[in-house]
Each structure stands twice: as structure tokens, then as C-alpha cells.
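Q: Letter by letter, the sequence shown follows residues -17 to 412 in our numbering.
Handing you a structure now.
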Amino acid sequence: MTNICVIGAGHVGLVTGACFAELGNSVICMDDDVKKIEGLKNDVLPFYEPGLEVMVVQNKRAGRLSFTHSLEDSIAGSNIIFVAVGTPQKSNGEADLTSIENVARRIACALDGYKLIVEKSTVPIKTGDWIHKTIKLNCKKGVEFDIASNPEFLREGTAVHDFMQPDRIVLGVESERAARLLIELYKPIHAPVVRTNVKTAELIKHASNSFLALKISYINAISNICEKTGADVLKVAEGMGYDKRIGKDFLNAGVGYGGYCLPKDISAFIKMAEEIGYDFELLKAVQRVNNYQRQQIVRKAKDALWNLQGKTVGILGLAFKPDTDDMRESPSMYIIRELQKQEVLIKAYDPQAMDTAKNFLQDVEYCQNPYEAASGSDALIFLTEWDEFKNLDFVKIKRLLKQPIIIDGRNIFDPLTMKEHGLTYFGIGR
Ligand code: UGA
């Protein structure tokens, strides 16, 4: 059993804290957001993540998980401190590391004995060096400490599963002591361990997220070739995916990637490369393809509806992907705003993200269910592949729509079945 402190109770921090508690450790999660901490003390989670609420509540009851807004209290009894604070994007694309710097300074002042400080947030290469310098400069007591990097590869919607059954564990360490502590902590999890130095671990995270985005943009680019030639992108992806060197995951063509991680991390990586004198053209192209994909949906709506002005469009799915209520950088936001610029009236439904969406999108009529969104609309556009949408009654939908037009931004449906229902169907790359 290890005493752990997790600083930052966001998506990464809270999942990390709850899962380490589930593995039998004693965990204290700290966040400056008093409202969030009070909520967590009362079993109210700040976001939706399948399986997390039960885990938080059970581990609290078992006395293994607690919450505080005092950094000093959280550090006092802990051997390992995970830093999982936000690294938002600055207007120039760079990662904003002020929260990390502040936390490093505060940790320095609170250190009372050897601690291992572990970066969990996605950070540019050399952040570990900066944390080290900052703590050294600000720690008056000359206490020993180590810095490590242990990047997370959690996906929203499957974060608990990804933590408990990861493909790999990356440990960036600079001392045997740090390595021993982390290897012991991760012992109950069976996965290959990549042990390396801090800088390499930091780079592994950036390189992985960028590669995933690259895969998505690649298949999206192929989908545009498919549309111009009559090929089917689903079959192309299947045919490619059986090749073990390529792999079938992240080859779903659609409206492009969104969320808090991929868009921000790619911008930060491009910026970081620029700073060290490398023009990461490949990743700039990845971004361009992603933006084009969002515009494609508006173009398809135009092709289907002729004039957009005054038309009503039903949007099904607002979250950037299923099983989350996260709207950050969601393609739906861009698409809805573009349609609104062209004076389209929007009716929308999402199983989880409507409350969050209200903070981002104005003048949208939010509906109770998919059928209400279809009712009286000139077209229905699917932007998130929620399971709930997979078995919709298309006879009913056709009856409710003003014009029988379906734009499927996630290739959820079979074009032939749609045709049989008398619907005019537009998918992506088919
Ligand atoms: C991503 C990475 O997958 C995680 O490994 C990483 O830990 C996380 O970022 C992070 O840095 O914290 P996440 O943002 O939760 O996780 O979502 P993904 O499952 O990667 O999906 C990102 C976007 O790509 C979504 O909008 C999704 O719809 C889209 N996508 C994904 C596609 O358009 N096609 C695909 O084939 C796969």
C-alpha cells in the first residue's frame, strides 16, 4: 500500500486517484476548485465517466480515497505526488504551463521529506527539468526529491478500463529509487513497462496522441478520395486494418477528431517543434484535413438542401465522442455555428452532453429524444455515434422529417438500409 496524492481532480486526476485507491492504496485528491471538492465529498462527480462514480463512492466508504483543497494537507502524508493539473492551450497553440509551475512552487514549500513527484498531465518535453529546477529553487529545507514522468493514455468514456488494463505503462525515471517506487505501485497491473528517462516519456505521450490524430486524418483524407471515385472507405479501412503493421483501430472516417486532448496536444507539439527549429509540416497537414472534414458536413447539408437559409436541421450527437458529456473542441460546435451563420434553425439531442452544450451553443432548441429532433426538420445530421442511435425507428423518423434526408457524419448506418426506408442518405466516404 502506498500513500498517494493526486493534484488536480479533472478527468485524468480523478480517474488516476480512484483507480489507485481501487488497487488498495491510500489516495488523497487535491484541487483548488472548492466547489468541485465539496461536490466530491458529497458523491457528486464533476463530469460523466462510465464506472467512475461507483468506484469513487466505494473507495471513499472504504477509507482509501479522500478529497481536499489544501495542497499542504495532501502532501504531508504522501510518498508519491501525481501532478494532473490542466495544461490548456494558449492563443498561439502553445501549452500553458502556469498551473504546473504554480503547483511545483507550492510543492517545494510544502516538502517535508523525500517525495517522488510524477507528471501525469500531458506536457511538452523538458517540463520535468523545469519542475525540478523550480522545486530546487523554492525548497528552503534542502529536502531530497525525484521527478518522474508517467504519461496517461486514458480515453474519455473508457478511462477506468484503460487505467486498469493499459496497453503499456511508461515510466520516465532518473533514479533507481523513483523506478522502484513506481514499479511497486503498478505491480497489480499487468502490462508491458517501458522504462526510460523523463524526456523520452514526455515525448512518448505527444508522439502517441499525434499518431492517433494522424491515423484519423489519413482515413478522412482517403474518405474524400472514396467520395470522388465511388469506393467505400469502410471497406478500405477493413482491408487496411487486417494488416498487423497498420491495425484496425482509429481508422473510422467521420467528422474529424475533437475533445480536450488531440486538438490541443497537436497544436502544442507543432509549437514545441517550431521552438526547437523543426517545422512539423506533417502535423500541420493533419490539422488541415481535420478542419476540412468539419466543413464537409456543412457542404453536404448544402448539397442536400440547396438553400440553407430558413431551413431546420436536427442534430443527433453533440459530445465529441460517445460515453462522455464533454463538448470541448467537439466537431458539433463548429458545424452548428457554421449552419447558424447560414441562418439554419437547429434542433439538437444528445444523451449526455446537452447541459454542457448549453454553455457553448446559443439559440439551439434542445430536444427530449431523437424523434423530437427529427420532427419538422429538413434533414437529420448524426455527429456522435451513441449506441442509442443505432436502433432508431427509421419508419417513424421518415414520417417526422419534412424532407427525408440523413447526413451520417459517423458512418453509423448502412446506406442500403437507409435507401430501403426511402431516405436520401449521405455518409462519409461511401
Ligand atoms: C485521447 C487518446 O486516445 C488517449 O490515449 C489519451 O490518453 C487522451 O487523448 C489524452 O491525451 O488524455 P480522448 O481524447 O478521450 O483520448 O478520445 P479518443 O478516443 O482518442 O477520440 C478523439 C477523437 O477522435 C474523437 O472526437 C473521436 O470521435 C475521434 N475519432 C477517433 C475518429 O474520428 N475516428 C477514429 O477512428 C477514432
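Beta carbons are placed, not taken as given, at the ideal position from N, Cα and C, and that holds for glycine.
Identify, in the order they occur along the chain, each residue of the same chain with its Cβ nearer than 7 Å to the Cβ of M(-17), setting aside the five sequence neighbours on each side.
A: Around M(-17): G6, N7 and S8.
Q: Can you tell me whether C243 sits near the ligand UGA, meaning its C-beta is under 6 Å from at least one heavy atom of the ligand?
A: Yes - the ligand UGA has a heavy atom lying nearer than 6 Å to the Cβ of C243.
Q: T424: beta carbon under 6 Å from a heavy atom of the ligand UGA?
A: Nothing about residue 424 can be read from this structure; the chain reaches only from -17 to 412.
Q: With DSSP as the reference, label D144 as helix, strand or coil.
A: Correct three-state label for D144: helix.
Q: Could you tell me the distance, in whole angstroms, from the CA atom of V100 to the CA atom of M309?
A: Roughly 28 Å separates the two Cα atoms.
Q: Quick one: what's got a C-beta closer than 6 Å to T306's C-beta in the same chain, skipping five residues either side?
A: Within the same chain, T306 has close Cβ partners E138 and G139.
Q: The beta strand (DSSP E) that contains S8, what's its start and end?
A: First-last of the beta strand (DSSP E) with S8: S8 to M12.
Q: Y224: buried (16+ other C-beta within 10 angstroms of its C-beta) or exposed?
A: Label assigned to Y224: exposed.
Q: Taking the alpha-carbon of L343 as reference, which of V26, I379 and L300 has the nearest alpha-carbon?
A: With distances taken between Cα atoms, L343 lies closest to L300.
Q: Taking A267 and Y239 to be in contact with their CB atoms under 8 Å, please state how far apart those CB atoms are, rounded to whole angstroms.
A: The Cβ separation is near 14 Å, so there is no contact.
Q: Between which two residues does the beta strand (DSSP E) harbouring F251 extend?
A: It is not in any beta strand (DSSP E) - F251 instead sits in the alpha helix (DSSP H) that spans L244 to E257.
Q: From S249, I258 and Q275, pick the residue whose C-alpha is nearest to that of L265; which is it?
A: That would be S249, whose Cα lies nearest to the Cα of L265.
Q: What is the rounded straight-line gap between the Cα of T104 and the Cα of V218?
A: Straight-line Cα distance between these residues: approximately 33 Å.
Q: To the nearest whole angstrom, what separates the beta carbons of S205 and I410, a pair I think is in contact under 8 Å?
A: Confirmed, about 5 Å.
Q: From P32 to F135, what does the alpha carbon distance come to, in whole angstroms?
A: So the alpha carbons of these two residues sit roughly 16 Å apart.
Q: Taking 7 Å as the threshold (C-beta atoms), are G404 and F364 in contact?
A: Going by C-beta atoms, F364 is not nearer than 7 Å to G404.
Q: Based on DSSP bridge pairs, tell me the residues matched to D390.
A: Partner(s): F364.
Q: Considering only C-alpha positions, which residue in the set K372, I318 and S357 is nearest to L382?
A: Residue S357 is the option with its Cα nearest to L382.
Q: Please name the residue in A141, V125 and A90 whose C-alpha comes closest to that of F2.
A: Answer by Cα proximity: A141.
Q: Can at least three beta-carbon pairs, one atom from the region 23 to 32 and one from the region 162 to 178, be found at a separation below 8 Å?
A: No: fewer than three Cβ pairs fall under 8 Å.
Q: Considering only the beta carbon of each residue, do K97 and F49 sit closer than 7 Å?
A: Not a contact, by the Cβ cut-off of 7 Å.
Q: The beta strand (DSSP E) spanning E31 covers which residue range?
A: Neither: E31 is in no beta strand (DSSP E) and is coded neither H nor E.
Q: Is DSSP giving Y316 helix, strand or coil here?
A: Looking at Y316 - three-state DSSP - the assignment turns out to be helix.
Q: Going by the CB atoms, is the gap between L287 and A361 shorter than 7 Å?
A: A contact, by the Cβ cut-off of 7 Å.
Q: Would you mind sorting G259 into buried or exposed? The rule is 16 or more other CB atoms within 10 Å of its CB.
A: When all chains shown are included, G259 counts as exposed.
Q: Would the region 220 to 235 count as touching the region 278 to 297 if we require 3 or more Cβ pairs under 8 Å?
A: With a cut-off of 8 Å, the region 278 to 297 and the region 220 to 235 do not count as touching, because too few Cβ pairs lie within range.
Q: Measuring only from the beta carbon, is G236 closer than 6 Å to any heavy atom that is part of the ligand UGA?
A: Yes.
Q: Consult DSSP for R177 and reduce its assignment to one of helix, strand or coil.
A: R177 falls in the strand class under three-state DSSP.
Q: Return yes when the Cβ of L93 is within less than 7 Å of the Cβ of C121, no when it is not.
A: Contact flag set, yes.
Q: With T50 as the anchor, note down where its alpha helix (DSSP H) starts and where it stops.
A: Not the alpha helix (DSSP H): T50 falls in the beta strand (DSSP E), residues L47 to T50.
Q: Does the Cβ of N191 lie closer than 6 Å to at least one heavy atom of the ligand UGA?
A: The answer is yes for N191.
Q: Rounded to whole angstroms, what's the CA-CA distance from L22 to A335? Just pull it up for me.
A: If you take the alpha carbons of L22 and A335, they lie about 20 Å apart.
Q: Are at least three pairs of beta-carbons, each pair with one atom in the region 233 to 247 and one in the region 267 to 287, less than 8 Å apart?
A: Contact between the region 233 to 247 and the region 267 to 287 is present, because at least three Cβ pairs lie under 8 Å.
Q: May I ask which residues mark the beginning and end of the alpha helix (DSSP H) holding N273?
A: E263 to L287 is the extent of the alpha helix (DSSP H) around N273.
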